[in-house]
Amino acid sequence: MDRFNFHDKIVVVTGGSRGIGKAIALAFGEAGATVVVAARKVNLLEEVVKEIQAKGGNGFYVRFDLNKDEDIFDLVTKTMDRYGRIDILVNNAGISPWVKNSEEVTKEMWEEVIQANLLAPFLLCREASKIMMKQNWGRIINIASVGGMVGFQRQIAYCATKGALIQMTKVLAVEWADKYNITVNAIAPAYIATDLTEGVRASKKISENLLQRTPMRRFGETEEIVTAALYFASEYSSYTTGTILTVDGGWMAY
79 MDRFNFHDKI VVVTGGSRGI GKAIALAFGE AGATVVVAAR KVNLLEEVVK
129 EIQAKGGNGF YVRFDLNKDE DIFDLVTKTM DRYGRIDILV NNAGISPWVK
179 NSEEVTKEMW EEVIQANLLA PFLLCREASK IMMKQNWGRI INIASVGGMV
229 GFQRQIAYCA TKGALIQMTK VLAVEWADKY NITVNAIAPA YIATDLTEGV
279 RASKKISENL LQRTPMRRFG ETEEIVTAAL YFASEYSSYT TGTILTVDGG
329 WMAY
């Protein structure tokens with residue numbers, strides 16, 4: 079049996095128009111899944127769906143804003159109206175909109191990151207789980223960060239939300255482990271080479287500091303996140319839940 083064959087699965091990927099999310103969406107499409115890609119920019123979503131279809135896959139997009147609760151419910155509703163099920167949820171969308179000293183962070187800035195990085199993923203987990211419970215099968219994959227395990231200076235809200243996302247993953251995994259055949263796991267990347275990290279990688283000073291902190295002395299590639307996501311979504315991981323997999327070049331080994 080090909081346990082990486084997802085031909086009968088409906089996969090929802092948030093933040094699927096760029097970076098890690100796009101790579102994950104394309105990979106599931108290549109593996110035979112029907113992929114619902116959600117993000118804010120329609121032009122980018124259209125391109126991803128075209129790429130999925132060009133490789134023989136099935137794709138559909140839903141415009142989705144993390145800051146709007148109604149968009150979260152709309153994503154679930156539109157997916158169910160079109161396909162009647164949700165098998166795999168990849169909570170990839172998130173923000174890291176500013177770098178500031180903690181004493182300068184306003185309530186509004188804090189709440190913006192909490193909404194996008196914690197509340198939105200929770201609501202999606204909650205709504206998707208109701209469907210997965212009826213199906214008696216589901217896979218939830220949350221994209222966290224090593225920033226949820228260590229302290230990044232001047233990124234207090236980002237680190238706080240990613241740490242909370244890790245704990246949320248564990249709680250949901252424990253609650254749903256023995257009743258519904260739902261697994262909940264998280265991937266915690268370090269710095270991955272994507273269009274979203276191009277600015278960081280372009281700075282010689284920042285880049286050198288990050289690589290010095292990374293035992294492998296290189297940035298990760300999107301394919302190294304993709305393979306982790308495919309594993310967590312597959313039957314190979316049927317006895318794995320509540321796990322936080324760091325894909326970090328050895329960052330957390332220090």
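So the sequence shown is numbered by our numbering: it starts at 79 and just counts up by one. For glycine and all other residues, C-beta sits at the position ideal for the given N, C-alpha and C.
Start and end residues, beta strand (DSSP E) containing N83: Premise fails: N83 is in no beta strand (DSSP E) and is neither H nor E.
Rounded C-beta distance between T388 and N170? I'm assuming under 8 Å. What the structure shows of the chain is the stretch from 79 to 332, and residue 388 is not part of that stretch, so it cannot be assessed.
What is the DSSP secondary structure of F353, counted as helix, strand or coil? Residue 353 is absent from the model: the chain starts at 79 and stops at 332.
Unbroken beta strand (DSSP E) run spanning Y258, endpoints: Run containing Y258: none; DSSP gives neither H nor E here.
Can you tell me whether D383 is buried or exposed, with buried defined as 16 or more other CB within 10 angstroms of its CB? The question about residue 383 has no answer here: the residues shown for the chain are numbered 79 through 332.
Helix, strand or coil for Y139? Go by DSSP, reduced to three states. Looking at Y139 - three-state DSSP - the assignment turns out to be strand.
How would you write the range of the alpha helix (DSSP H) that I303 sits in, first residue to last? Residues T300 to A311.
Write down every uninterrupted run of the beta strand (DSSP E) in the stretch 194 to 276 whose length is 3 residues or greater and which is fully enclosed by it, in chain order. Segments of the beta strand (DSSP E) lying fully in the stretch 194 to 276: 216 to 221 and 260 to 267.
Contact between the stretch 176 to 187 and the stretch 130 to 148 (3+ Cβ pairs under 8 Å): Touching, no, given that fewer than three Cβ pairs across the two stretches are closer than 8 Å.
How should Q245 be labelled, buried or exposed, when 16 other C-beta atoms within 10 angstroms of its C-beta is the threshold for buried? Its Cβ having fewer than 16 others within 10 Å, Q245 is exposed.
Closest Cα partner of T292 within the set K100, V252, G328 and C203: That would be G328, whose Cα lies nearest to the Cα of T292.
Limits of the alpha helix (DSSP H) - the one that T157 falls within: Looking at the DSSP string, the run of the alpha helix (DSSP H) that includes T157 is D147 to Y161.
Start and end of the alpha helix (DSSP H) containing N287? Start and end: K282 to R291.
Do I88 and A111 have their beta-carbon atoms positioned less than 9 Å apart in this structure? One thing to note: A111 has its Cβ within 9 Å of the Cβ of I88.
Who does T112 pair with in a DSSP beta bridge? Answer is I88 and N136, bridged to T112.
Using alpha carbons as the reference points, say which of D80, G172, G135 and Q231 lies closest to N145. With distances taken between Cα atoms, N145 lies closest to G172.
Just to check my reading of the structure: V120 and R141 have Cβ atoms closer than 8 Å, yes? What is that Cβ distance to the nearest angstrom? With a Cβ gap of about 6 Å, V120 and R141 count as contacting.
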